Amino acid sequence: MKALITTLAVAGCTFFAGQAAAYDRITGHHFASRSEVIAPNAMAATSQPLATQVALDVMQAGGSAVDAAIAANALLGLVEPTGNGIGGDLYAIVWDAESESLHGINASGRSPQSLTLDYFIENGYESIPQRGVLPLSVPGAVDGWFEMHEKFGKLSMEDILKPSIDYAEQGFPVTEVIAYYFERNAEVLKDYPGFAEVFMKEGRTPRKGEMFKNPDLANTYRQIASGGRDAFYKGDIARTLGDFVQEHGGFLSYDDMAAHESEWVDPVSTNYRGYDLWELPPNTQGIAALQILNILEGYDIAEMGFDSPEYVHHFTEAKKLAFEDRAKFYSDTDFNDIPVDWLISKEYASERAQLIDSERAGRAYEPGNPPMNGDTIYLTVADKDGNMVSLIQSNYRGMGSGITPEGLGFVIQNRAELFALDTDHMNVYEPGKRPFHTIIPAFVTKDGKPYMSYGVMGGGTQPQMHAQILINMIDFDMNLQEAGDAPRILHSGSSQPTGEIMDDGGVLSLENGFSDYTRRELTKMGHRLQEAVGPYGGYQAIMKDHEEGVYYGASESRKDGHAAGY
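Numbering (mature numbering (1 follows the signal peptide of the UniProt record, and there is no 0)), first residue to last: -22 to -1, 1 to 544.
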């Protein structure tokens, strides 16, 4: 890696300025927090240690990678409700070793049929509220579980959900980062219907190390395990949810739940310096990562160096360009003809790259003109048979809407907040429509073989970090763990699918570890730098070494979890 590193000499010792890192490690880059995990048979990487262990237990009991991913996701809905749960949506990319092919699942829910755009306009809304009953859409995660299980599962759903049921009834110790977000979310959500009864039973959220139980969620999981997906979408759970929402003035109904279906989709890809990155098409934002990489492939990133103003500047401008298209085009393909192939083409990327001024930050960009007519968890699992799962699942903003139906033990997501209210916008609110989605799983193949399953949770952070992880590995020669530990670049303030327009260049935040020199030079180039703590995402990854027949695992040092294998 060619990098500029600021050092300070104090009493004969050398320190890297402004970096929180494991300086005493004798191998790897100075910012690496730990070694990669390497195992011969199977691997799991999640944001909470108990979930990682459950995934391994399921695979050791004969379960597939999909079984393990569902089990881990179910447990994360219990132990990390600050980021996910069955009140939310799910996307996944599955590598099936038998057919040697990738499969994508879009398990995102739709808006209520009885709620129209006119309601928001007549009541004076300029945007859909962040919390409460109005930003609700159908929770799609459970249907996603059953779709994946039917195609790739081995164990019964009773066996898969049993660990989560046991932990929900007997309790689990809350981990440090999750405890922090518990308290932070409760400050906003404590007065929303049903929230405090489940998550603040002692008048506050659980603290680090305290045991927490959720018997209502245990009962909900038990009904799902025995009654299947219909228990959630057409049974008492759906009736309870619909009645509760409408009792509190909302529109999401039993009929909306009963009509829900997930969709199997074909992942789309671009090749970056010999590696194929696969993402899911809209209504997700996955193709933004492909657009960023396509633009940057025309530059000698390795020669620029990791900690250099040139690299950070060009990355930021590529992101701005991709996000202008994201703001205009990314929406539900059932309602719009979206030019995905054109957006992720090398020719279009070359055209867009010409808009970048190598010396100055752009304040505003226009989206392309196509030839056409018209908080989160991420986990990844790999099994002994070579199957791999890249899965992301979320309630969206923190703990979602705050609406917690009585007796069910989970919060409903607030994904419908991400609709626009502009009638000329592709992502405008319509009944029965899937909103623009931020959560994206990623998968990499090389020469047609599975290479890496990975993701980086965190709203609009995600496509930026998907691209950075690959750049770190390919251009800067970092290993799987180092690629996630490396300081990150985060640009915010781009135009949005909800209608906001960037006209001031946005804001650039650099994680601790970039040199003062780089920061000064970026300021000279017109970037507005702003300190930010915490919004840089949460990374998990598994890589397959075909030559040795082993898996490498890596996990986010900024979260509570880890990677483990056997």
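Every residue gets a Cβ at the ideal spot worked out from N, C-alpha and C, and that includes glycine. Here the structure is a predicted model, which is why all the values come from computation and not from measurement.
Of the residues assessed, E14 falls on the buried side of the cut-off, its CB having 16 or more other CB atoms within 10 angstroms. The criterion of a C-beta distance shorter than 8 Å is not satisfied by V116 and D208. Residue environment analysis places I381 among the buried positions, since at least 16 neighbouring C-beta atoms fall within 10 angstroms of its C-beta.
Listed as beta-bridge partners of T248 by DSSP are L255. Per DSSP, I447 has no beta-bridge partner at all. C-alpha of G66 to C-alpha of E281: approximately 42 Å in a straight line.
Within the model, the alpha-carbon separation for A146 versus S535 is close to 26 Å. In this chain, the beta strand (DSSP E) harbouring I83 covers S79 to A85. R466 is positioned such that its CB atom lies closer than 8 Å to that of M443. Under the DSSP assignment, S328 falls in the alpha helix (DSSP H) whose first and last residues are K324 to A331. In the displayed model, L114 falls within coil according to three-state DSSP, outside both helix and strand. The beta strand (DSSP E) runs of length 3 or more contained entirely in the stretch 341 to 377 are, from start to end of the chain, 355 to 360 and 366 to 372. A distance below 8 Å separates the beta carbons of S25 and E58.
Considering only G61, N62 and T30, the residue with the shortest C-alpha distance to A47 is T30. For the 8 Å CB-CB criterion, A305 and L274 do not form a contact. The residues L399, in chain order, have a CB closer than 8 Å to that of E104 in the same chain once the five nearest residues on each side in sequence are set aside. For L299, the three-state secondary structure derived from DSSP is helix. According to the DSSP secondary-structure assignment, D523 is paired through a beta bridge with V528. In the structure shown, Q391 adopts coil according to DSSP, grouped into three states.
Counting C-beta pairs closer than 8 Å gives fewer than three between the stretch 392 to 409 and the stretch 447 to 456, which falls short of the contact rule. Judged by DSSP secondary structure, A47 falls within the alpha helix (DSSP H) whose first and last residues are A43 to V57. With a 10 Å radius around the Cβ and a threshold of 16 neighbouring Cβ atoms, G228 comes out buried. Taking 8 Å as the upper bound for CB-CB distance, A327 and Q269 are in contact here, some 7 Å apart.
Distances from the CA of D144 to each of E161, G491, N192 and S89 were compared; the closest alpha carbon is that of N192. When DSSP states are grouped into helix, strand and coil, Y432 belongs to the strand group. DSSP lists K424 as the beta-bridge partner residues of K427. Contact holds between the stretch 120 to 128 and the stretch 75 to 93, because three or more Cβ pairs, one in each stretch, are under 8 Å apart. The continuous alpha helix (DSSP H) containing V223 extends over residues D214 to E225. With 16 or more other Cβ atoms inside 10 Å of its own Cβ, T248 counts as buried. The alpha-carbon separation between P287 and R341 amounts to approximately 17 Å.
In this structure, the straight-line span from the alpha carbon of Y356 to that of H127 is close to 18 Å.
Selection Q459, G102, I4 and I156 evaluated against M521 yields Q459 as nearest (Cα-Cα).
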